[in-house]
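Working notes, beginning with the structure itself.
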Amino acid sequence: MSLPFLEGLNSPQHEAVTLPRQSALVLAGAGSGKTRVLTTRIAWLISTGQASPHSLLAVTFTNKAAREMLTRISGMLPINTRGMWVGTFHGLSHRLLRTHWREAGLPQLFTILDSQDQLSLVKRFLKDLKVDDQKYAPRQVQYFINANKEEGLRPSAVEATDDFRRRLLEFYSAYEDLCRREGVVDFAELLLRSFELLSEDEILRQHYRARFQHVLVDEFQDTNRLQYQWLQLLAGESNAVFAVGDDDQSIYAFRGARSANMQQFERDFGVERVIKLEQNYRSHGNILDAANALIRQNRMRLGKNLWTSEGAGEPLRLYRAPSDTAEATFIVDEIRMLAAEGVALTDIALLYRSNAQSRVLEHALFSASVPYRVYGGLRFFERQEVKHALAYLRLIANPDDDGALLRVINFPARGIGTRTLEQLQGTAQGMGASLWQAACQRGGKGARITASGKGLEGFVELIERLRAATEGLPLPEAIEHVIEMSGLAAYYNAEREAAERMENLAELVNAAAAFVSEQDRGILPAGEAFDAETAAVPETELTAFLNHAALEAGERQAGPGTDCVQLMTVHSAKGLEFHTVFISGLEEGLFPHENSLTEADGLEEERRLMYVALTRARRRLYLSFAQSRMLHGQTRYNMASRFLKEIPPELTRRIGGFAVESPFARPYATVPAGPQGPPFVRETRLVASGLRVGQSVVHPKFGAGVIVGAEGRGDDARVQVSFRNAGVKWLALEYAKLTPA
DNA sequence: CTAGCTGCTGTTTTT
DNA sequence: CAGCAGCTAG
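Counting in numbering that gives the first Met the number 0, the first sequence runs from 0 upward without gaps.
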């Protein structure tokens, strides 16, 4: 049998693809054909008869990656991919829970909470409990809950080491109660709940283990503890897990990813040989050399060196700008030049560390009429008006969803204020019921005679009318009705900036139409028919759509048709490649981000992030930084990022004229970074009062440190000091008693 | 009850 | 410079 898709694989790729059924680890560098190996292996397993689509499960982290995988497989094999389980950890977990909601102890029509919804739920009950939000910030409580869930820990399993944590645990428990009462499930819960389902239900576990003979995992370095355990549970002793990953591209440790899972996987799953893919098919030599040199500074690595058979290519271009706006102008000028040379705008990416940085760049692009597209930031399903519309839909699907109710009970305004709401909440508490049930009672009794359409009564009536009017309608039409009848349309039409909001609402209808038709064609993994043997009642179309909205926040909204420059954070650039890449804002404090310096392993993660950024470029790479930058409404003066010095100067070319005291003058090796990294401090800048960046100082309380940054002048002057034992702090020069050491 | 204002705070990355 | 919570005037 000839297998055309095996042609052109290099030898480690070929080995990985055709490995006999066993657990295997593939260490795949950036641009080394990772996805190709994964999908080709699936094609190989199927076409050689070693596996049926039915016995395959492939898991990724993003919906995009899952889709990409399905597309490629269909391109190689003329099979129906429907029998395969391909999706994200969350998507697959969701599917398990949807099928086995009863066994998992969930209501049949449970809905999914995205992180925004989760946060507002947390805020809500913290307020009810009258918690001091100075001491317990909602975001921290949310983080605490998620972090524990991602370790696989329920409240009872978490140790309360002190009063503070004891309190947090109470919140965690209270939060769980609330979720149960409202029939909602957050992201982490999807995983944890499905994990518990499989671990507690022997029969189900055996069933799925018998089914999924082959489990394939993409981006293995991004798995957290719970996901690892989930895989272990699903695979059991006898099934083969084929894991692909790159420890150097682990950039999600901040949310629990453990690249150490790769080493643990080797041991736990009896991996005989680790296959390394080191040949890079993406970038020219100089770019790879730079990336290799940079990542070599990390100590915690499995070890890997990328190479290419292509030439060295152009040197990397370094640019120092006096200000963030100047940096943006420079970038735009270069883009126009590139465009004139025939580089497609779509093939140019502007990368930055944090979303806030896109503003300046957008402004410059806009002024120069260069079309661009920003990824990330506010996603489609997270927009206010869309959330409102979805909240009405959620209420139709599940009236006990208090979060949804609170969101729209008085939006558009219908005379229900804090007072009414308080009473309502009181009633609900008394009844031990949802707000909706309480509202039905109060509104239903018609206690007050109000103009129809107003007050609680009006709201209850409205929702009931909505439910009646949309019943049996095709989803897109139902949504149109909701937008009209709820008053959202009237409200936004009256607003000044209505146009965009109305467009988004119209787009929501389109999204529903697209969802329905894709589901009919079986494209969406979520919409697949359930296992015959479990014969679950399928969720309604509406619930399916709502969960789709939560699970897939609407990654892309603009039509991909137009030729435009791509703006995104480095995180969201992972997995992509471009002819030309600009990495901007390469400044100490920004990239590496100052918050990372106080975290364990923080600097190494930042460096991996930089590594990811560098390896996105195929042909041309620009690295730039600005000496001053507006941040949070203040001008800050930053030094060049230490990462710039970790790139060998012979690979680079400075453009735009540098001063003699160039921060690029010296390779990293001469200034070793300590554990907290003080930082490379070549460039000296007078701050004030004789102190300068780079100077060693002593503080009466914090001890010895080095000045790593400065901002403001005169009385406002502040310096950032990295203390040997006290971390990095900003100090006002006026007050801090700093003495030169 | 609503709307509009003020003052405060929190700012990394996101499935 | 946001976005949000809380307050005040209508």
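For every residue, glycine included, the Cβ atom is placed at its ideal position computed from N, Cα and C.
Next on the checklist: Among the candidates D346, Y621 and E102, whose CA atom is the shortest distance from the CA of T651?
Outcome noted: Y621
Next on the checklist: Starting from F577, trace the alpha helix (DSSP H) in both directions and tell me its first and last residue.
Outcome noted: Looking at the DSSP string, F577 is not in any alpha helix (DSSP H); the run it does join, the beta strand (DSSP E), is F577 to I582.
Checklist entry - Given a threshold of 16 other Cβ atoms within 10 Å of its Cβ, counted over all protein chains shown, does M299 qualify as buried or as exposed? => result exposed
Next on the checklist: Counting beta carbon pairs with one atom in the segment 464-472 and one in the segment 498-512, are three or more of them shorter than 8 Å?
Outcome noted: no
Checklist entry - Should F163 go down as buried or exposed, given a rule of 16 or more other Cβ atoms within 10 Å for buried? => result exposed
Item to check | Those runs of the alpha helix (DSSP H) which lie wholly inside the segment 560-631 and span at least 4 residues | outcome: 569-572, 593-596 and 601-613
Next on the checklist: Distance check for Y371 and I522, CA to CA, integer angstroms please.
Outcome noted: With a pLDDT of 49 at I522, under the threshold of 50, the modelled position of this residue cannot be trusted, and the question is left open.
Checklist entry - From D116 to F186, what distance separates their C-alpha atoms? => result 11 Å
Checklist entry - Are the beta-carbon atoms of N291 and N304 separated by less than 8 Å? => result yes
Item to check | Simplified DSSP assignment, three categories, for H13 | outcome: helix
Item to check | K134, buried or exposed, once every other Cβ within 10 Å from all chains shown has been counted against 16 | outcome: exposed
Checklist entry - In terms of DSSP beta bridges, what is I41 paired with? => result Looking at the DSSP assignment, I41 forms no beta bridge with any residue, so it has no partner.
Item to check | Presumed contact (8 Å Cβ cut-off) between G742 and S282, rounded CB distance | outcome: What is shown of the chain runs 0 to 740, which leaves residue 742 out entirely.
Next on the checklist: On the DSSP bridge list, what partners appear for W306?
Outcome noted: Q278
Item to check | Residue nearest to D131 in terms of C-alpha spacing, selected from E102, Y351 and L167 | outcome: L167
Checklist entry - Can you tell me the Cα-Cα spacing of F679 and L287, whole angstroms? => result For F679, the predicted structure reports a pLDDT of 31, less than 50, and the residue's modelled location is therefore unreliable. A value from the coordinates is still provided. The straight-line gap from Cα to Cα measures roughly 23 Å.
Item to check | N- and C-terminal bounds of the alpha helix (DSSP H) containing W229 | outcome: R224 to A234
Item to check | Residue span of the beta strand (DSSP E) that contains I762, given as start and end | outcome: Nothing about residue 762 can be read from this structure; the chain reaches only from 0 to 740.
Checklist entry - Can you name the start and end residues of the alpha helix (DSSP H) that L196 belongs to? => result F186 to E199
Item to check | Where F365 sits in the DSSP three-state scheme | outcome: helix
Item to check | Backbone secondary structure at P739 - three-state DSSP | outcome: strand
Checklist entry - Cβ of A388 within 8 Å of Cβ of V481? => result yes
Next on the checklist: Quick check: V696 and A740, are their CB atoms within less than 8 Å of each other?
Outcome noted: yes
Checklist entry - Using the C-alpha atoms, what's the distance from Q356 back to D715? => result With a pLDDT of 46 at D715, under the threshold of 50, the modelled position of that residue is not reliable, and no figure is offered here.
Checklist entry - A65 and G32: beta carbons closer than 8 Å? => result no
Next on the checklist: Mapping the DSSP letters down to three states, classify S73 as helix, strand or coil.
Outcome noted: helix
Item to check | Segment limits, alpha helix (DSSP H) that includes Y135 | outcome: Counting along the chain, Y135 falls outside any alpha helix (DSSP H), and DSSP gives it neither H nor E.
Item to check | Which listed residue (R619, L643 and A639) has its alpha carbon closest to that of N586 | outcome: Per the sequence shown, residue 586 should be read as Glu rather than Asn. Among R619, L643 and A639, the Cα nearest to that of E586 is on A639.
Item to check | For S119, the three-state DSSP class (helix, strand or coil) | outcome: helix
Next on the checklist: Can you give me the C-alpha to C-alpha distance between G269 and L541, rounded to a whole angstrom?
Outcome noted: 44 Å
Item to check | Those residues which DSSP pairs with Q633 across a bridge | outcome: L630
Checklist entry - Span of the alpha helix (DSSP H) holding H547? => result E540 to L550
Item to check | Residues near E149 in its chain [Cβ-Cβ closer than 7 Å; skip 5 each side] | outcome: A187, N223, R224, L225 and G255
Next on the checklist: Tell me the rounded alpha-carbon separation between E660 and P314.
Outcome noted: Reliability fails at E660, whose pLDDT of 36 lies under 50, so the model's placement of it is uncertain and the value that follows must be treated cautiously. Rounded to whole angstroms, E660 to P314 spans 21 Å at the Cα level.
Next on the checklist: Quick check: is any heavy atom of the ligand SAM less than 7 Å from the C-beta of A599?
Outcome noted: The ligand SAM is not part of the structure shown, which contains no ligands of any sort.
Checklist entry - Between the C-alpha atoms of E456 and L434, what's the straight-line distance to the nearest angstrom? => result 13 Å
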